[in-house]
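**Student:** Chains as they are written, first to last, in the numbering used here: chain X, 912 to 1082; chain C, 2 to 201. Where a beta carbon is used, it is the ideal one built from N, C-alpha and C, also for glycine. My structure is below; once you've seen it, I'll send some questions.
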């Protein structure tokens, strides 16, 4: 029995993913407010969402840095031990580091590997997909959440969602 | 994401702590930049009532456009055959040099705004416009009602003679924006005003 090849999740599938998860670990998060990961962290921790968000970055952890008042974990393993294994691993890492992130995500028992905007890795996709994880690449989890939660709509952007129903308030 | 060719979207923005629009917002970089810089600075905001009107209008836009285009095609044909009209420039007409291109790029019809020339030049054109009763003499276009104007003496009056000619605005040119009124009413009004446009 072979796994069917991975295909990028459709808008509906991305919505399903975001609706079905509770915990998110941001791997490669930065304490620098100008970095996209900081921006995404701010959103995921805001009243727009209700996720259990944790952060992984060995350098930030070693330096004792914090992000939005929260500590960094040195690795996904450490996070799983100290806190709980996350359902989603969001990767803010260089493309060449993504296979390693995929390996760790699989090892820690994550259900979703989410590689951020501009990040693609065939190897990481293949590895996580083969292990049964749902995989998203080259997409921002904040933008996708806002796409379905009404944030993009409110801001006047083309969400790609055509629906006459008032969007339910998602958490 | 295909937007890295616009340097302003990749530059670190000092007023937002050094963030970069493309990196943070991908396909939404441009709109985000517009909202958080230009819109922030200018403060432009559609009033709720105007927003309501806009949404209301958009709901029936496809139906209105079909009616505009159908009326425009019929009016253009009528004018082309009228003895008081010297020329009609509408890409929906087979006589237009742009007819084939219009069919290719605008298969549903090339809109409802076009120009034509009244025999007798500027004076006749002026009498024609004054003689209209249904069609409104207004500088805007695209209204649900039919509109007409003489560009050389109004919208383009600031241009000197040679610039007018270079812009294709001849003294006899009348611009028509065909509305969605009953076609017979539009045609009757144009016909009556054209017949009365003869300068004695």
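1) Pull out every residue of the stretch 1010-1029 of chain X whose Cβ sits closer than 8 angstroms to any Cβ of chain C, in chain order.
2) Which residues bound the beta strand (DSSP E) around residue 999/X?
3) Examine the Cβ distances between the stretch 1061-1075 of chain X and the stretch 1032-1043 of chain X and report whether three or more of them are shorter than 8 angstroms.
4) Please work out which residues of its chain come closer than 6 angstroms, Cβ to Cβ, to residue 139/C, disregarding the five sequence neighbours upstream and downstream, and give them in chain order.
5) Going by C-alpha to C-alpha distance, which of 1022/X, 1002/X, 918/X, 950/X sits closest to residue 928/X?
6) Given a cut-off of 9 angstroms, decide if residue 937/X and residue 1001/X are closer than it, judged by their beta-carbon atoms.
7) In this structure, how does DSSP classify residue 1046/X when only helix, strand and coil are distinguished?
8) For residue 218/C, does the count of other Cβ atoms within 10 angstroms reach 16, so buried, or fall short, so exposed?
9) What residue does the alpha helix (DSSP H) around residue 76/C start on, and which one ends it?
10) How many Å lie between residue 40/C and residue 29/C at the Cα?
11) Where do the ends of the beta strand (DSSP E) carrying residue 14/C lie?
12) Which runs of the alpha helix (DSSP H) spanning at least 4 residues fall entirely within the stretch 962-1023 of chain X, listed in chain order?
13) Suppose contacts are defined by Cβ-Cβ distances below 9 angstroms. Is residue 67/C in contact with residue 109/C by that definition?
14) Give the interface partners of residue 1051/X over in chain C, defined as CB-CB distance under 7 angstroms, in chain order.
15) For the beta strand (DSSP E) containing residue 118/C, list its first residue and its last residue.
16) Can you round the beta-carbon distance between residue 951/X and residue 1052/X to whole angstroms, since I take them to be within the 8 angstroms contact cut?
17) Distance check for residue 17/C and residue 69/C, CA to CA, integer angstroms please.
18) Is it true that the CB of residue 925/X sits closer than 9 angstroms to the CB of residue 1058/X?
19) If you draw a straight line from the alpha carbon of residue 1047/X to that of residue 930/X, how long is it in whole angstroms?
20) Note down the Cα distance separating residue 157/C from residue 151/C, rounded to an integer number of angstroms.
21) Report, in whole angstroms, the separation of the C-beta atoms of residue 113/C and residue 179/C, which I expect to be a contact under 8 angstroms.
22) First and last residue of the alpha helix (DSSP H) that includes residue 86/C?
23) Does the Cβ-Cβ distance between residue 85/C and residue 160/C come in under 9 angstroms?
24) Mark residue 965/X as exposed unless 16 or more other C-beta atoms lie within 10 angstroms of its C-beta, in which case mark it buried.
25) Which same chain residues, not among the five before or five after residue 130/C, have their C-beta less than 8 angstroms away from its C-beta?
26) Between the C-alpha atoms of residue 19/C and residue 1030/X, what's the straight-line distance to the nearest angstrom?
27) Listed from N- to C-terminal order along the chain, which residues in the stretch 924-952 of chain X have their beta-carbon within a distance smaller than 7 angstroms of any beta-carbon of chain C?
28) Under the DSSP definition of a beta bridge, which residues are partnered with residue 148/C?
29) Going by alpha carbons, who is nearest to residue 1027/X out of 1076/X, 1049/X, 955/X?
30) Under the three-state reduction of DSSP, which class applies to residue 127/C: helix, strand or coil?
**Tutor:** Well, looking at it:
1) 1028, 1029
2) 999-1002
3) no
4) 148
5) 1022/X
6) yes
7) strand
8) Given that chain C is displayed from residue 2 to residue 201, the structure contains no residue 218/C and the question cannot be resolved.
9) 62-81
10) 15 angstroms
11) Taken as a continuous stretch (DSSP letters only), residue 14/C belongs to no beta strand (DSSP E), as it is neither H nor E.
12) 969-973, 987-993, 1009-1019
13) yes
14) 27
15) 114-119
16) 6 angstroms
17) 46 angstroms
18) yes
19) 15 angstroms
20) 9 angstroms
21) 4 angstroms
22) Segment 86-90 is the beta strand (DSSP E) holding residue 86/C; no alpha helix (DSSP H) there.
23) no
24) buried
25) 138, 149, 150, 151, 175, 194
26) 21 angstroms
27) 944, 945, 947, 950
28) 137/C, 178/C
29) 1049/X
30) helix
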